[in-house]
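What follows is a single structure, written as structure tokens, with notes after it.
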Amino acid sequence: MKEQLAKIRTEALAALESVKDAAALDELRVKYLGKKGELTAVLKQMGKLTAEERPAMGALANEVRAAVETAVDKASQKLEEAALELRLKAETVDVTVPGKAPKLGHKHPMYMALDEIKDIFVGMGFTVLDGPEIELASYNFDKLNAEEGHPSRDWSDTFYFDADSRVMLRSQTSPMQVRAMETMELPIRIIAPGRVYRKDEVDATHSPMFHQVEGMVIDKNVTMADLKGTLNLLAEQLFGKGTVTRFRPHHFPFTEPSCEMDVQCHKCGGAGCATCKGEGWIELLGAGMIHPHVLEMSGIDPNEWSGWAFGMGLERTAMRRFKIADLRLIFENDVRFLEQF
Ligand code: PHE
């Protein structure tokens, strides 16, 4: 029996020493320490021993059990450590590998131009307003002196949301004149940039959606000279000193007198080219003195107050500012184009 116990100890310790994985370890544990294991089998024979032999054999059996248990624990710990080692190796992060730089975008050239425009006007004491693109026809037309049936509605009488034509995509930012007049204290100095919509076909200078910046001043003794002075200053600050502008008479229902302002073409310097369609000039904005009836409709006394307004095409301004030849480039979002700014 003594030899049996010694053999179990030697065999078990040797086997446990070289155990490879958790399943094999469990097998060994059952084999030696389990209820039907080898040690139990030996202990079952204790009955055959004499009373004198029994205590020494019992002590030896306990010693062997303890030794095997310790070896099982050690083997199990070794396996765990090896597994951890393996995982750490597999999951190693090499912090010295160069990273992938995230591609950062930047502001779109049209919004760069808009930021410059805002800065120029804020510097002159103007407030920047934001207005709805879905607008009441009464603000887009009626309160701007273009009531139902007015011929100027034809070109922009489109994109309605309802059968009785009360709600529409605004065709101009000019309704912001009315909104400002109705809600703000006098005197007023505002600009209001935003999207507008018209039934235009896409070409080098047109798009059914484009951007305008509306501007308006209402104060006492405001004249056309203030309008021209302010817009010439805008042109010089935006496009550089010595920028040549011209004002042509025009018609808008809500201004009287009305004009359009052109800047000399940046491409040809006035000689005429494809960008300016041979004209030498690029039309930038419509403007004029606010019609007394428009002031009146918004509750402002035209005998006391006067004002001027303008509406400029933002894409065209950005094109002139950054010497871009085709309007479509502004909307196509081709990074090869955008990365140049
Ligand atoms: N709203 C006009 C347009 O879209 C421009 C304009 C604005 C003209 C303000 C005069 C005054 O063409």
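Here the sequence shown stands for residues 2 to 342, numbered as in the working numbering.
Ideal Cβ positions, reconstructed from N, Cα and C, are used throughout, including at glycine.
Just so you know, these numbers come straight off a predicted model, no measurement behind them.
State yes or no: is the C-beta of residue i nearer than 7 Å to some heavy atom of the ligand PHE?
i	result
Gln213	yes
Phe347	Absent from the structure is residue 347, since the part of the chain shown begins at 2 and ends at 342.
Gly312	yes
Ser175	yes
Phe253	yes
Gly289	yes
Ser259	yes
Thr97	no
Thr224	no
Thr256	yes
So, are the CB atoms of residue i and residue j less than 8 Å apart?
i	j	result
Glu257	His292	yes
Lys221	Trp309	no
Ala193	Gly279	no
Lys144	Val168	no
Arg321	Leu285	yes
Val218	Ala236	no
Val203	Gln173	no
Lys45	Glu39	no
Leu130	Val214	no
Lys294	Asn141	With the sequence shown as reference, residue 294 is identified as His, and Lys is not the correct amino acid for it. Cβ atoms of His294 and Asn141: not closer than 8 Å.
Phe338	Leu330	yes
Val43	Leu14	no
Ala348	Ala319	One cannot answer for residue 348 here, as it falls past the ends of the chain, which runs 2 to 342.
Ser375	Gly230	Here the chain comprises residues numbered 2 to 342, so residue 375 is not present and cannot be evaluated.
Leu17	Val96	no
Lys3	Leu50	no
Can you have a look at residue i and say buried or exposed, based on whether 16 or more other CB atoms are within 10 angstroms of its CB?
i	result
Met125	exposed
Val65	buried
Met47	exposed
Glu340	exposed
His267	buried
Leu224	The displayed chain sequence assigns Thr, not Leu, to residue 224. Exposed: under 16 other Cβ atoms inside 10 Å.
Gly312	buried
Pro56	exposed
Ile135	exposed
Leu89	exposed
His252	exposed
Glu261	buried
Ala181	buried
Leu85	exposed
Arg171	buried
Leu187	exposed
Using C-beta distances below 8 Å, list every residue in its chain close to residue i, excluding the 5 sequence neighbours before and after it, in chain order.
i	result
His207	Asp201 and Leu328
Gly1	The structure shown has nothing for residue 1, since the chain only spans 2 to 342.
Glu183	Ser299 and Gly300
Ile9	Tyr33, Glu39, Leu40, Val43, Val65 and Val69
Arg154	Phe142 and Ala147
Cys269	Thr276, Cys277 and Gly281
Ile121	Leu234, Leu235, Gln238 and Leu239
Val20	Leu26, Leu29, Ala76 and Leu80
Ala138	Tyr161, Ser166, Arg167, Val168 and Met169
For the ligand ZN, I want to know if residue i counts as a neighbour, meaning its beta carbon is within less than 7 Å of at least one of the ligand's heavy atoms.
i	result
Thr159	As far as ligands go, the structure on display features the ligand PHE and does not contain the ligand ZN.
What does a CB cutoff of less than 7 Å around residue i pick up in its chain, not counting 5 residues either side in sequence?
i	result
Ala83	none
Ser77	Leu26
Ile283	Asp263, Val264, Cys266, Cys277, Arg317 and Arg321
Excluding sequence positions up to five away, which residues of its chain have a Cβ less than 6 Å from the Cβ of residue i?
i	result
Phe323	Pro110
Gly216	Ile192 and Phe311
Validate contact between the region 136-156 and the region 97-116 using beta carbons, cut 8 Å, 3 pairs: no
Contact the region 296-304 vs the region 238-248: 3+ CB pairs below 8 Å: no
The region 184-199 in contact with the region 89-104 per 3-pair CB rule at 8 Å: no
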